[in-house]
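Taking UniProt numbering, the leading residue of the sequence shown gets 1, the next gets one more, and so forth. Below is one structure; the comments refer to it alone.
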Amino acid sequence: MDIPLSQRLGPNTGLDLVRATEAAAIAAARLMGRGEIEEADRAAATAMAAALANLELDGRLAMGEEVRAMASTPLPGGTQVGTGNGPPADLIVDPVDGRRQLAQGRAGAVSFAAVTNRGALWAPHPAAYMEKIIVGPEIAPYLVPECLDAPAGWTLALVARATRRTVRDLVVFVLDRPRHAHLIEEIRSAGARVMLADDGDIYGALLATMPGTNVDLLMGIGGAPEGVLAACAIKSLGGAMLARLAPQSEAEREAITRAGLDTKRILTCDDIVSSNQIFFVATGITDSILLRGVRLAGDRAETNSLILRCETRTRRLIFAEHLLTG
Numbered sequence: 001m002d003i004p005l006s007q008r009l010g011p012n013t014g015l016d017l018v019r020a021t022e023a024a025a026i027a028a029a030r031l032m033g034r035g036e037i038e039e040a041d042r043a044a045a046t047a048m049a050a051a052l053a054n055l056e057l058d059g060r061l062a063m064g065e066e067v068r069a070m071a072s073t074p075l076p077g078g079t080q081v082g083t084g085n086g087p088p089a090d091l092i093v094d095p096v097d098g099r100r101q102l103a104q105g106r107a108g109a110v111s112f113a114a115v116t117n118r119g120a121l122w123a124p125h126p127a128a129y130m131e132k133i134i135v136g137p138e139i140a141p142y143l144v145p146e147c148l149d150a151p152a153g154w155t156l157a158l159v160a161r162a163t164r165r166t167v168r169d170l171v172v173f174v175l176d177r178p179r180h181a182h183l184i185e186e187i188r189s190a191g192a193r194v195m196l197a198d199d200g201d202i203y204g205a206l207l208a209t210m211p212g213t214n215v216d217l218l219m220g221i222g223g224a225p226e227g228v229l230a231a232c233a234i235k236s237l238g239g240a241m242l243a244r245l246a247p248q249s250e251a252e253r254e255a256i257t258r259a260g261l262d263t264k265r266i267l268t269c270d271d272i273v274s275s276n277q278i279f280f281v282a283t284g285i286t287d288s289i290l291l292r293g294v295r296l297a298g299d300r301a302e303t304n305s306l307i308l309r310c311e312t313r314t315r316r317l318i319f320a321e322h323l324l325t326g
């Protein structure tokens with residue numbers, strides 16, 4: 001995607017954007033472990049929306065969570081964000097990835113956001129769900145479209161050969177959902193190990209893509225907005241992704257058909273985000289393998305965040321202390 005100089009994102013865009021995930025994480029952390037899923041999600045989204053308004057961008061949200069949530073949200077798709085004075089940009093956000101973990105006070109809740117050039121993000125509204133296979137840079141050259149239709153054992157054998165290991169050495173991240181019962185059985189029958197998670201679609205994608213996590217790939221059906229957001233991180237890290245829309249109800253299938261979307265098309269990261277001008281940010285809410293959770297103490301909050309810049313393959317970890325007001 002050829003970007004005119006006047007429309008290019010500045011090198012510090014990631015540092016500006018991370019303030020939005022920091023605000024969301026702090027707001028969500030105040031409700032950690034209280035069992036209030038919707039309240040925590042709304043508090044995080046409200047805090048994120050306020051922070052996004054200060055970005056020096058002519059931004060818009062390419063896709064929101066309102067289709068799957070079946071409820072209003074402070075950050076619906078199409079929302080204008082930023083001051084309007086900067087370069088045109090598309091954003092996609094998830095104030096709380098791992099809402100159940102947050103409500104239960106468990107590890108793995110993270111706030112995410114990404115920004116790229118206007119028109120670079122594929123936004124399959126009104127699709128809610130997407131089938132995915134995600135791998136890191138070492139395996140990326142070997143991931144082929146046939147993997148999405150092949151038995152899980154075939155794909156796992158391919159990954160094992162690519163990494164010079166046996167299938168039983170592999171760990172696969174899968175969301176713990178009834179729809180994945182057969183997939184989990186296939187993976188276990190092939191001899192691989194399964195990491196099940198109650199929630200955390202984007203978090204799982206990062207585990208499969210980043211080094212040192214002991215997760216080799218993600219498989220299964222998760223959220224479509226989460227898939228688009230994850231693609232920004234995967235491309236920035238040099239990983240690979242195969243994806244295809246996977247409607248989970250007749251109503252969703254009919255809506256997708258009316259929108260002219262193709263449920264048979266297999267997409268890669270480049271199909272989902274066509275620009276290399278990507279900034280992806282994440283802030284831990286609760287502790288996880290990737291990031292430390294928010295620490296609250298009186299009028300202070302400590303956060304741990306990640307910033308990825310696709311153009312330079314830069315990966316930054318940030319520890320910040322915030323003075324809380326109000």
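Note that beta-carbon positions come from the ideal geometry of N, C-alpha and C, so glycine has one too. This one's a predicted model, so the numbers in the text were calculated from it and none came from an experiment.
Hey, quick one: how far does the beta strand (DSSP E) through residue i stretch, first residue to last?
{"i": "residue 328", "result": "No statement about residue 328 is possible, as the shown extent of the chain runs from 1 to 326 and does not include it."}
{"i": "residue 92", "result": "88-97"}
{"i": "residue 131", "result": "129-135"}
{"i": "residue 116", "result": "110-117"}
{"i": "residue 197", "result": "193-197"}
{"i": "residue 123", "result": "Note, residue 123: premise wrong, no beta strand (DSSP E); not H, not E."}
{"i": "residue 8", "result": "Taken as a continuous stretch (DSSP letters only), residue 8 belongs to no beta strand (DSSP E), as it is neither H nor E."}
{"i": "residue 328", "result": "With the chain covering 1 to 326 only, the question about residue 328 has no answer from this structure."}
Given a threshold of 16 other Cβ atoms within 10 Å of its Cβ, counted over all protein chains shown, does residue i qualify as buried or as exposed?
{"i": "residue 288", "result": "buried"}
{"i": "residue 279", "result": "buried"}
{"i": "residue 178", "result": "exposed"}
{"i": "residue 145", "result": "exposed"}
{"i": "residue 314", "result": "exposed"}
{"i": "residue 165", "result": "exposed"}
{"i": "residue 330", "result": "Past the edges of the chain, shown from 1 to 326, lies residue 330, and the structure says nothing about it."}
{"i": "residue 42", "result": "buried"}
{"i": "residue 252", "result": "buried"}
{"i": "residue 249", "result": "exposed"}
{"i": "residue 254", "result": "exposed"}
{"i": "residue 283", "result": "buried"}
{"i": "residue 65", "result": "buried"}
{"i": "residue 123", "result": "buried"}
{"i": "residue 323", "result": "exposed"}
{"i": "residue 186", "result": "buried"}
DSSP three-state label for residue i, please.
{"i": "residue 318", "result": "strand"}
{"i": "residue 22", "result": "helix"}
{"i": "residue 295", "result": "strand"}
{"i": "residue 337", "result": "Since the first residue shown for the chain is 1 and the last is 326, residue 337 is missing from the structure and cannot be characterised."}
{"i": "residue 28", "result": "helix"}
{"i": "residue 103", "result": "helix"}
{"i": "residue 258", "result": "helix"}
{"i": "residue 369", "result": "No answer is possible for residue 369: the residues shown for the chain start at 1 and end at 326."}
{"i": "residue 244", "result": "strand"}
{"i": "residue 250", "result": "helix"}
{"i": "residue 277", "result": "coil"}
{"i": "residue 213", "result": "coil"}
{"i": "residue 290", "result": "coil"}
{"i": "residue 220", "result": "strand"}
{"i": "residue 284", "result": "strand"}
{"i": "residue 324", "result": "coil"}
{"i": "residue 34", "result": "coil"}
{"i": "residue 265", "result": "coil"}
{"i": "residue 300", "result": "strand"}
Starting from residue i, trace the alpha helix (DSSP H) both ways and give me its first and last residue.
{"i": "residue 361", "result": "Residue coverage of the chain in this structure runs from 1 to 326, which leaves residue 361 outside it and unanswerable."}
{"i": "residue 207", "result": "201-209"}
{"i": "residue 271", "result": "269-272"}
Let me check you understand the geometry: is the CB of residue i closer than 7 Å to at least one non-hydrogen atom of the ligand ATP?
{"i": "residue 217", "result": "With respect to the ligand ATP, the structure shown offers nothing to examine, as it has no ligands at all."}
### Task
Can you check the segment 137-189 for any alpha helix (DSSP H) of at least 4 residues that lies completely inside it and give the ranges in chain order?
Runs of the alpha helix (DSSP H) inside the segment 137-189: 152-163.
### Query
Three or more C-beta pairs closer than 8 Å, one from the segment 80-98 and one from the segment 219-238: is that the case here?
By the criterion of at least three beta-carbon pairs nearer than 8 Å, the segment 80-98 is in contact with the segment 219-238.
### Task
Could you tell me whether the segment 287-304 touches the segment 204-218, using the rule of 3 or more Cβ pairs below 8 Å?
Taking a cut-off of 8 Å on C-beta distances, the segment 287-304 touches the segment 204-218, as three or more cross pairs fall below it.
### Message
With a threshold of 8 Å, are at least 3 pairs of Cβ atoms found where one atom belongs to the segment 195-207 and the other to the segment 107-114?
### Response
Judged by Cβ distances under 8 Å, the segment 195-207 makes contact with the segment 107-114, as three or more pairs qualify.
#### Entry: Inter-stretch contact (C-beta, 8 Å, three-pair minimum) for the segment 263-283 and the segment 233-245
Contact between the segment 263-283 and the segment 233-245 is present: 3 or more CB-CB pairs across the two stretches fall below 8 Å.
### Query
Counting pairs of beta carbons, one from the segment 28-37 and one from the segment 290-304, are three or more of them closer than 8 Å?
The segment 290-304 and the segment 28-37 touch, with three or more beta-carbon pairs separated by less than 8 Å.
### Task
Inspect the CB distances between the segment 43-51 and the segment 17-27 and report whether three or more fall short of 8 Å.
With a cut-off of 8 Å, the segment 17-27 and the segment 43-51 count as touching, because enough Cβ pairs lie within range.
### Task
Check whether the segment 216-223 touches the segment 163-178, counting contact only when three or more Cβ pairs, one atom from each stretch, lie closer than 8 Å.
They touch, by the three-pair rule.
### Message
Does the segment 72-84 come into contact with the segment 177-194, if we say contact requires no fewer than three beta-carbon pairs (one atom in each stretch) closer than 8 Å?
### Response
Flag = no, the segment 72-84 and the segment 177-194 do not touch.
### Message
Would the segment 155-173 count as touching the segment 250-259 if we require 3 or more Cβ pairs under 8 Å?
### Response
By the Cβ test, the segment 155-173 is not in contact with the segment 250-259, since fewer than three Cβ pairs between them sit closer than 8 Å.
### Message
Using 8 Å as the cut-off, can you tell me whether the segment 122-129 makes contact with the segment 50-59, which would need three or more C-beta pairs spanning the two stretches below that distance?
### Response
By the Cβ criterion, the segment 122-129 is not in contact with the segment 50-59, since fewer than three pairs of Cβ atoms, one from each stretch, lie closer than 8 Å.
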